[in-house]
Structure formats: C-alpha cells, structure tokens
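Top to bottom, those sequences are chains A and B. Just so you know, the numbering used here puts 211 at position 98 of the first sequence, and the rest follows in order with no gaps. Just so you know, the numbering used here puts 241 at position 233 of the second sequence, and the rest follows in order with no gaps. Here a beta-carbon is modelled for each residue, glycine too, at the ideal position from N, C-alpha and C. Below: the structure, in structure tokens.
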Amino acid sequence: MLRRLVVILVACTLIAAGAAMPALAREKITVWAWGEAAIAIQEQIKPDFEKLYPDIEVELVQMGPWDLMDKLLISIASGVGAPDVSEVLRRAFSPYAESGGLVDLTELASKYENDVLPAAWAQSVFDGKLYGAPGDTNPGWVMYNKEIFDQYGLDPEAIVTWQDFLEVGQKLKEQGVYMTQLSIPAGSWGANHYTLFLNSRGGNLFTPEGQVIRNNELALDTLRFYNELKEVALALPQNDPAIWTAWKEGRLATMAHNAGQAAVLKQLAPELSGKIRVMPWPLWAPNAPATTGQWGGANWVIPEASTKKEAAWKFIEYMTFTKEGAAAMWSAGQLMPSYIPALETPAFYEPDPFFGGQVPFDAIRAREIPPLYQYEWIRAEEIIGNAIDAMFLQGVSPEQAWNMIESNLARLR
Amino acid sequence: MNLIQKFFSHKTRRRAAPYLFLLPFIVLFTTFWAGPIISSMYLSLTRWNGLRPPQFIGFENYARLFSDPVFQKALQNTLIGAVVYDVLLVLMALALALVLHLPFLRWKSFFRGVSILPVTMSLAVVAFVFQLIYSAQGGLLNQLLGLVGAPPRNWLGDPNIALGSIIGLRLWRAVGYYAIILLAGLQNIPEELSEAAWIDGANWFQTTWHVTIPLLRPVLAFVIVTSTIWALQLFDEPWLLTQGGPLDATKTVVIYLYQNSFRFLTLGYGAAISYILTLVIIAISVIQLRLTMTRD
C-alpha cells in the first residue's frame with residue numbers, strides 16, 4: 114500500500130513538473146530583417162525587449178532586402194518556414210497585403226493610428242485593414258560637402274528652392290564639380306529617386322485607390338525638372354564606386370536623396386566625417402509648402418503561419434510604437450520612424466560628429482511628408498526607369514518620356 | 009514457405025538489390041527534379057502570385073509571351089549574347105589552351121593555375137572590380153582610351169555597348185576555365201600524330217588545323233554545348249552590374265524570368281518563360297551536338 118502511495122506521489126510530482134515546464138521555457142520568435150534595422154535590433158532593440166519581456170527570446174535572421182522578400186514569398190506560398198516577424202519593403206507591400214497570408218493588425222494597432230505619419234499608415238492599409246506596422250519612413254534631404262561650399266563661397270541657406278539648387282549646380286559645373294548624383298541606368302533607384310521629387314511636391318502616380326492618374330501635369334513637370342537636374346549631376350550606375358570616390362575627392366557637392374544614404378556614406382567614406390552637413394529638401398517655389406518626399410521605408414508583418422502571434426505582436430509594438438524602439442532605429446542608421454511621439458526623444462536631437470556636430474534631424478523635421486501611393490510598384494519602377502533612361506540616353510523629350518510612363522502604367526492597372 | 013520467408017529469399021533479395029541501390033537516387037530525383045519540373049509545367053498554365061491559390065488559365069501565359077516586347081527583347085539579348093560570347097569564348101579558350109600546351113612553355117603549372125583563377129573568385133568581388141574597370145568616371149578602360157586620345161565611353165550606361173561589356177566580363181571569367189578543359193583534351197591527343205604531320209612537312213598552324221582540332225572535336229563539342237547552356241542562362245553578371253538596363257539592353261531571359269517570378273509576383277508567367285527557355289536550350293544543344301559530332 115505504502116509503495117503504491119509513493120509511486121502515485123512521484124507520478125503526480127513528475128506530471129506537475131512537466132506541466133510547469135512550458136511556463137519556465139522562453140518563447141522564441143524569429144525575426145527577419147535587413148540593413149540598419151537589423152543592426153538596430155541586434156544592438157539595442159533585442160536586448161531591451163528581452164529585458165522587458167523575459168519570457169520571449171528574439172532570434173534575428175539578417176539578410177538583404179530582396180533576399181528576404183524572396184524567402185518570405187516562398188515561405189508564405191509553401192506554408193513552411195515563415196518567420197514570426199518580418200520586415201517588408203513598403204513599396205512592394207501591396208501584393209502581400211492582398212494575399213491573406215498576413216495577420217490583420219487593425220485591432221491591435223488602431224490605437225496608434227493618430228500617432229503615425231498618415232503617409233506611412235496609408236501605405237500599410239489594404240481594403241481598410243492594416244496588415245503591416247509602419248516602420249521607418251525614408252524622407253528626402255540634401256547632404257552636402259561643406260568644404261566645397263566654403264571653397265566656392267556658396268551659402269547653403271541661400272538654396273531655398275530647386276531653381277536655386279540648379280543655378281548653384283551650373284556654377285559648380287563650370288568649376289568641374291558635380292552638384293548632385295543620379296543613376297544611369299536608372300533602374301529602380303532612378304525610378305524611386307524621381308518619385309521622391311514628385312512626392313515632395315505632393316504628387317503621385319496613383320490615386321489612393323490604385324488608379325493611374327491621367328494627364329498628370331505635376332508628374333510631367335517633375336520629369337522636366339529631373340531632366341534639367343541631370344545637366345548638373347554625376348550620372349553613374351547606382352553602385353558605381355566612382356560615386357564615393359567623387360565624394361572623397363571633392364568633385365561631388367551634394368546628394369539630394371533619401372536620409373538612409375547617410376548610413377551608406379558614413380560606412381563608405383568615413384574620412385569625410387566632419388566635412389558633411391545636411392540641409393532640408395529645397396522648396397518648389399519660395400512660398401510653396403515646406404515638404405519633402407519619401408523613398409518608401411519598411412513595414413513589419415506577422416505571417417499567418419506564425420504560431421507565436423501574440424509574442425510577435427509584442428515585439429512589433431515595442432519596435433515600432435514605443436519611443437525606445439523607434440529611437441534605436443534612428444540611432445542605428447538614420448531610419449526615421451513613422452511613430453511621431455518617438456521624435457520627441459533625445460536621440461533625435463543629438464549632434465552628429467559626422468555632420469560636424471550638426472543635429473541632422475533638424476533638416477527632416479522642417480518638412481512635412483505628403484502621402485505616397487504605390488501599386489504594382491516594382492513593375493512601375495521598371496516602366497519609370499526605362500522612360501528616364503530613354504530621356505537621358507536617347508534624347509527623348511520629357512513629354513515623350515512621360516507618355517511612355519503614363520501609357521505603360523495604365524496597362525498595369 | 010510463408011510470405012515473409014519468400015520475400016527474404018536469396019533470389020528475391022538478389023533481384024531487389026539493384027533497385028534498392030537506385031532507390032535513394034529515385035527518391036531524390038522525384039523530389040527535387042521531376043516533381044518541380046512537372047509542377048512548374050502546371051504552374052505555367054496558371055495565374056499565380058505565390059500568395060493566393062493558382063488559377064488555371066490554359067495557355068494564356070504562352071500566348072502572352074509571343075506578344076510581350078520585353079520578353080522578345082530579353083530573348084534577342086540572350087541569343088545574340090550567347091552567339092557572340094560562344095564564338096569568342098571558343099576561339100580565346102582554344103588559343104589559350106594551345107599556348108598552355110606549347111612544349112617549350114615554362115612555368116606551365118603557374119599559368120594553368122592563373123587561368124582558372126577568375127572562375128573561382130566570388131562574383132560579387134568580380135562585379136565590384138569590373139565596375140571600377142568600366143566606370144564612366146575614371147574607370148580603367150576609359151583611362152586606357154584616354155592614352156590613345158579616344159573619348160570616354162559609358163560602358164554600362166550606353167545601351168549600345170552595355171551588353172558587350174557584360175559579355176566581356178563573362179569572357180574574362182570563363183576563358184581560363186574552358187581553356188583548362190581543352191588543354192586536358194589536347195594532352196590526350198597522341199604526340200605521334202603531330203610529329204607525323206611535322207615529318208610530312210606541315211607547319212604548326214597546319215598541324216593544329218588539320219590534326220589537333222579534328223581530334224579535339226569531342227572536347228570542343230562539350231565546351232560549346234556547356235558554355236552555350238551557361239550563356240543562355242546568363243543572369244548574375246547583368247543583374248549585379250546593370251539589373252537588365254539601360255533600356256532593357258542587358259535584360260536576359262533569366263533576368264526577366266526572375267523579375268516576373270519574384271519581383272512582379274507573376275509566378276505562372278515566370279514558369280512559362282522557364283519552359284520556353286528550356287525548349288530553346290534543348291533545341292540549340294541538339295543542333296550543336298549534331299553539327300560538332302557529325303563525323304563521329
């Protein structure tokens with residue numbers, strides 16, 4: 114009898130211990146990310162998050178953006194191997210949002226809607242539902258080489274409008290200095306660069322509903338401007354090392370681009386530290402609204418296949434909708450968060466030695482970002498890039514190039 | 009004798025043995041080759057974005073291919089690129105192999121090692137180096153042109169020469185590799201045949217043309233067929249350097265296939281492109297084999 118009682122007691126103890134095990138084990142979530150966001154997660158967000166949620170462990174898998182997109186597509190298509198959280202290129206987001214393969218975050222995230230840049234929120238919604246938490250929003254600014262400006266007696270504050278920018282560019286061209294840089298072949302870089310300019314004027318190629326805007330005079334006029342900009346620009350393939358050489362040799366005065374390019378410049382030309390400054394995106398007319406464009410940024414999604422959706426959401430919420438998480442993104446690589454309250458944190462107002470002690474965020478907060486609507490965008494990039502190439506390389510007029518864009522985009526939607 | 013005993017009888021085991029040895033191959037082949045080939049045939053008949061269930065549309069993707077100007081441009085680039093590349097490759101690899109085979113050449117091992125180096129290098133590194141060589145701003149080629157007073161060219165940005173620049177890079181990578189294969193073939197040709205030709209009064213060129221090259225035909229056939237297949241699948245170099253631009257001048261069929269499948273999320277259309285490419289490769293390979301191996 115006693116032996117039987119001991120056996121029962123031991124069995125009960127073992128069962129109780131077994132039942133308690135899952136509570137003690139940490140829940141591991143897999144996060145796929147690229148570039149600066151991955152660095153921010155690894156260095157700051159992951160340790161801080163795991164301190165805040167000791168029962169959740171974050172496993173970061175870092176890869177290139179398109180490598181990630183390919184793998185995410187395959188994992189969603191096959192239903193196997195999807196992460197719990199993934200970064201997604203916002204400009205390639207629409208088919209993922211439409212797919213039904215992502216968790217609807219509307220209910221979880223709606224309380225943050227008023228705190229998020231409307232432009233970024235609008236791009237993350239499909240059919241009235243939010244399928245991705247807006248992460249960074251890569252706005253336009255102008256980095257410039259202060260030494261060149263000093264050498265030629267140029268005042269950066271005198272560049273108020275893009276017309277001023279072109280005029281300074283003409284003066285520098287006479288001295289053998291390029292005012293800025295463009296991509297030839299244009300490809301996706303050229304297409305998004307042009308769109309950055311268009312968006313900064315409040316322009317779009319698509320309506321919020323995804324229809325192509327016809328007789329788009331603003332888009333045509335921006336193409337005319339882009340053609341003029343080429344006259345003062347160093348036009349090379351996007352990854353051509355000669356771009357960074359030109360920076361280092363003082364033959365490139367500015368880079369009017371997305372803010373994320375600062376991280377690339379810091380990495381590839383560290384010797385320029387202290388010589389570079391940033392200025393806000395010039396205006397389109399002296400009395401025009403103070404706006405800049407956006408390059409696209411990224412969204413954070415939870416695939417339906419994830420079995421740890423609750424933990425995944427906690428991570429996304431911490432990363433995108435807390436001041437700490439969003440500030441870490443900025444510190445790691447000038448990734449400006451879409452979460453507006455984060456912009457009050459000291460991280461955004463720290464002087465940056467690379468920019469000679471300037472507070473680079475000042476150049477961004479001086480500008481509003483209009484909404485950008487991107488549909489079938491990866492195809493649209495091809496169409497826009499080819500039209501820009503035709504304009505730059507074959508002497509096609511901006512009007513003809515615009516006709517190419519409009520008619521080909523219309524075939525998409 | 010019960011069934012189990014019968015199954016494990018010596019005779020049955022003997023008969024089953026080869027099939028059991030083949031089983032791992034059959035399983036792997038079915039899983040990783042036949043399965044995807046058959047399923048992609050089905051997918052080529054569907055509209056599928058990879059995210060929602062495929063929708064059967066018959067031969068619509070194939071019909072669309074024949075009226076798609078970008079596909080036609082990509083096919084044209086691929087075929088022109090393959091022909092130019094293949095002709096130059098065979099001539100250059102054969103020339104290099106003949107030089108490496110010269111009896112009086114010293115440091116043969118060193119030169120053979122150097123010849124094969126380009127193909128062993130990481131393509132990302134090679135692409136970076138070639139960007140420096142081809143750069144329109146101070147690139148090595150333009151500096152050389154400057155020495156002879158010629159104007160600089162935009163090697164990767166000019167649609168008229170971008171494909172040629174890509175072929176140049178591919179040739180730099182491949183010539184040494186194929187030269188080593190041809191060299192192995194040359195070393196298998198009995199020296200007595202060349203010596204007999206020399207005794208009969210043939211010079212080096214005549215011996216090479218009338219004796220060496222005809223005997224090298226099987227190896228040449230291998231080089232031509234494999235290098236053509238490689239050329240028809242051209243992807244990495246143009247993708248890294250130009251992404252198919254400018255103006256689709258370096259867009260190949262495989263780039264267009266990749267774009268459709270993974271960038272535009274039209275995987276059914278991508279599968280149709282892959283089937284057309286496969287048919288092109290098979291047709292060209294058969295023609296090449298027939299032409300090069302006729303006398304055998």
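- Query: Taking Cβ-Cβ distances below 8 Å as the criterion, which residues of the stretch 140–166 of chain B are in contact with chain A?
  - Reply: Hits within the stretch, in order: 140, 143, 144, 145, 146, 147, 162, 164, 165, 166.
- Message: On the CB-based measure, 16 or more other CB atoms within 10 Å of its CB, does residue 307 of chain A come out buried or exposed?
- Response: Indexing the first sequence from 1 puts residue 307 of chain A at position 194. Residue burial annotation: residue 307 of chain A is buried, with at least 16 other C-beta atoms found within 10 angstroms of its C-beta.
- Message: Rounding to the nearest angstrom, what Cα-Cα distance links residue 435 of chain A and residue 201 of chain A in this structure?
- Response: Mapped onto the first sequence, residue 435 of chain A falls at position 322. Mapped onto the first sequence, residue 201 of chain A falls at position 88. Rounded to the nearest whole angstrom, the C-alpha separation of residue 435 of chain A and residue 201 of chain A is 20 Å.
- Task: Would you tell me roughly how many angstroms separate the C-alpha atoms of residue 373 of chain A and residue 298 of chain B, rounded to the nearest one?
- Result: By 1-based counting over the first sequence, the position of residue 373 of chain A is 260. By 1-based counting over the second sequence, the position of residue 298 of chain B is 290. Each residue's CA atom was taken as its position, placing residue 373 of chain A and residue 298 of chain B some 56 Å apart.
- Between which two residues does the alpha helix (DSSP H) harbouring residue 154 of chain B extend? Along the second sequence, read from residue 1 onward, the residue named residue 154 of chain B stands at position 146. Residues 148–155.
- Message: Mapping the DSSP letters down to three states, classify residue 272 of chain B as helix, strand or coil.
- Response: As a working mapping, residue 272 of chain B is identified with position 264 in the second sequence. Correct three-state label for residue 272 of chain B: coil.
- Message: If distances are taken between C-alpha atoms only, which option among B:276, B:287, B:207 comes closest to residue 68 of chain B?
- Response: What you label residue 68 of chain B is simply residue 60 of the second sequence in a count that begins at 1. Of the listed residues, the one whose Cα sits closest to residue 68 of chain B is B:276.
- Message: So, under 8 Å CB-CB, residue 361 of chain A and residue 385 of chain A are touching, yes? Tell me the CB distance rounded to an integer number of Å.
- Response: Taking the first sequence and counting its residues from 1, one reaches residue 361 of chain A at position 248. Taking the first sequence and counting its residues from 1, one reaches residue 385 of chain A at position 272. Residue 361 of chain A to residue 385 of chain A, Cβ: 7 Å. Contact.
- Task: Answer with buried or exposed for residue 136 of chain A, where buried requires no fewer than 16 other C-beta atoms within 10 angstroms of its C-beta.
- Result: Reading the first sequence from its first residue, position 23 is the one you call residue 136 of chain A. At residue 136 of chain A the pLDDT is 47, less than 50, meaning the model places this residue with poor confidence and gives no usable figure here.
- Item | C-beta contact flag for residue 497 of chain A and residue 304 of chain A at 7 Å | Along the first sequence, one-based indexing puts residue 497 of chain A at 384. Along the first sequence, one-based indexing puts residue 304 of chain A at 191. Yes, Cβ-Cβ distance for residue 497 of chain A and residue 304 of chain A is below 7 Å.
- Message: Taking its Cβ as the centre, do 16 or more other Cβ atoms sit within 10 Å of residue 393 of chain A, making it buried, or is it exposed?
- Response: For the purposes of this step, residue 393 of chain A is taken as residue 280 along the first sequence, with counting starting at 1. By the neighbour-count criterion, in which 16 or more other beta carbons inside 10 Å mark a residue as buried, residue 393 of chain A falls on the buried side.
- Task: Have a look at the DSSP bridge pairing and note the partners of residue 465 of chain A.
- Result: Working through the first sequence from its first residue, we reach residue 465 of chain A at position 352. Residue pairing for residue 465 of chain A: DSSP places it in a beta bridge opposite A:471.
- Message: Can you confirm whether residue 53 of chain B, when its beta carbon is compared against all beta carbons of chain A, has any partner nearer than 7 Å?
- Response: Taking the first residue of the second sequence as position 1, residue 53 of chain B is located at position 45. It does not: the Cβ of residue 53 of chain B has no partner Cβ on chain A nearer than 7 Å.
- How would you label residue 492 of chain A, buried or exposed, when you count the other beta carbons within 10 angstroms and need 16 or more for buried? Mapped onto the first sequence, residue 492 of chain A falls at position 379. Buried: at least 16 other Cβ atoms inside 10 Å.
- Min CB distance residue 38 of chain B to chain A below 7 Å: For this step, residue 38 of chain B is matched to residue 30 along the second sequence. Not an interface residue.
- Leaving out five residues before and five after residue 127 of chain B in sequence, what residues of the same chain have Cβ atoms less than 8 Å from its Cβ? By 1-based counting over the second sequence, the position of residue 127 of chain B is 119. For residue 127 of chain B, the CB contacts under 8 Å within the same chain, skipping 5 residues up- and downstream, are 181, 182, 184, 185 in chain order.
- Item | Bridge-paired residues (DSSP) for residue 198 of chain A | In the first sequence, residue 198 of chain A corresponds to position 85, counting from 1. The secondary-structure analysis by DSSP pairs residue 198 of chain A across a beta bridge with A:144.
- Task: Select from B:168, B:227, B:55, B:17 the residue whose C-alpha is nearest the C-alpha of residue 85 of chain B.
- Result: Residue 85 of chain B sits at position 77 when you count from the first residue of the second sequence. Measuring from the Cα of residue 85 of chain B, the nearest candidate turns out to be B:168.
- Message: Starting from residue 367 of chain A, trace the beta strand (DSSP E) in both directions and tell me its first and last residue.
- Response: What you label residue 367 of chain A is simply residue 254 of the first sequence in a count that begins at 1. Element bounds for residue 367 of chain A: 367–371.
- Message: Mapping the DSSP letters down to three states, classify residue 318 of chain A as helix, strand or coil.
- Response: Stepping through the first sequence from its first residue, residue 318 of chain A is reached at position 205. It is coil, neither helix nor strand.
- Keeping to the same chain, check which residues put their C-beta closer than 8 Å to that of residue 228 of chain B; ignore five residues upstream and five downstream. Position 220 of the second sequence, counted from the start, is the residue given in the question as residue 228 of chain B. Within the same chain, Cβ atoms closer than 8 Å to the Cβ of residue 228 of chain B are found at 98, 102, 190, 193, 221, 300, the five residues on either side in sequence being excluded.
- Query: Considering only residues of the same chain and omitting the five flanking positions on each side of residue 90 of chain B, which have a CB-CB separation below 7 Å?
  - Reply: In the second sequence, the residue the question calls residue 90 of chain B occupies position 82. Answer for residue 90 of chain B: 236, 239, 240, listed in chain order.
- Message: Output needed for residue 486 of chain A: all residues of its chain with C-beta closer than 6 Å, excluding positions within five of it in sequence on either side, in chain order.
- Response: Mapped onto the first sequence, residue 486 of chain A falls at position 373. Hits under 6 Å: 317, 319, 321.
- Query: Mind pulling the alpha helix (DSSP H) runs of 4 or more residues that sit fully within the stretch 205–248 of chain A?
  - Reply: Here the runs fully enclosed are 207–212, 219–222, 231–236.
- C-alpha gap between residue 312 of chain A and residue 148 of chain B, whole angstroms: Counting from one through the first sequence, the residue named residue 312 of chain A turns up at place 199. Counting from one through the second sequence, the residue named residue 148 of chain B turns up at place 140. If you take the alpha carbons of residue 312 of chain A and residue 148 of chain B, they lie about 38 Å apart.
- Specify whether the stretch 181–198 of chain A and the stretch 458–476 of chain A touch according to this definition: at least 3 beta carbon pairs, one from each stretch, less than 8 Å apart. No contact exists between the stretch 181–198 of chain A and the stretch 458–476 of chain A.
- Inspect the CB distances between the stretch 443–461 of chain A and the stretch 268–285 of chain A and report whether three or more fall short of 8 Å. Touching, no, given that fewer than three Cβ pairs across the two stretches are closer than 8 Å.
- Task: In angstroms with no decimal places, state the Cα-to-Cα distance between residue 177 of chain B and residue 117 of chain B.
- Result: Your numbering for residue 177 of chain B matches position 169 in the second sequence. Your numbering for residue 117 of chain B matches position 109 in the second sequence. Distance from the CA of residue 177 of chain B to the CA of residue 117 of chain B, rounded to the nearest whole angstrom, comes to 24 Å.
- Task: Quick one: residues in its chain with C-beta nearer than 6 Å to the C-beta of residue 274 of chain B, no 5 flanking neighbours on either side, listed in chain order?
- Result: Counted from its first residue, the second sequence places residue 274 of chain B at position 266. These residues qualify, in order along the chain: 268.
- Query: Between residue 135 of chain A and chain B, is there a C-beta pair that is closer than 7 Å?
  - Reply: The residue you call residue 135 of chain A lines up with position 22 of the first sequence. Only weak support exists for where residue 135 of chain A lies, its pLDDT of 48 falling under 50; the coordinates are left without a value.
- Go to residue 312 of chain A, then tell me how far its alpha helix (DSSP H) extends in each direction, as first and last residue. As a working note, residue 312 of chain A is residue 199 in the first sequence. Note, residue 312 of chain A: alpha helix (DSSP H), 300–313.
- residue 347 of chain A versus chain B: which residues are under 9 Å apart at the beta carbon? Counted from its first residue, the first sequence places residue 347 of chain A at position 234. Within 9 Å Cβ-Cβ: 145.
- Message: Quick check on DSSP: helix, strand or coil for residue 164 of chain B?
- Response: On the second sequence, residue 164 of chain B is found 156 positions in, with the first residue counted as 1. In the three-state reduction of the DSSP assignment, residue 164 of chain B falls in the coil class.
- Task: Leaving aside the five residues before and after residue 212 of chain B along the sequence, list all residues of the same chain whose C-beta is less than 7 Å from its C-beta, in chain order.
- Result: Position 204 of the second sequence, counting from 1, holds the residue named residue 212 of chain B. Excluding sequence neighbours, residue 212 of chain B sits near nothing in its chain.
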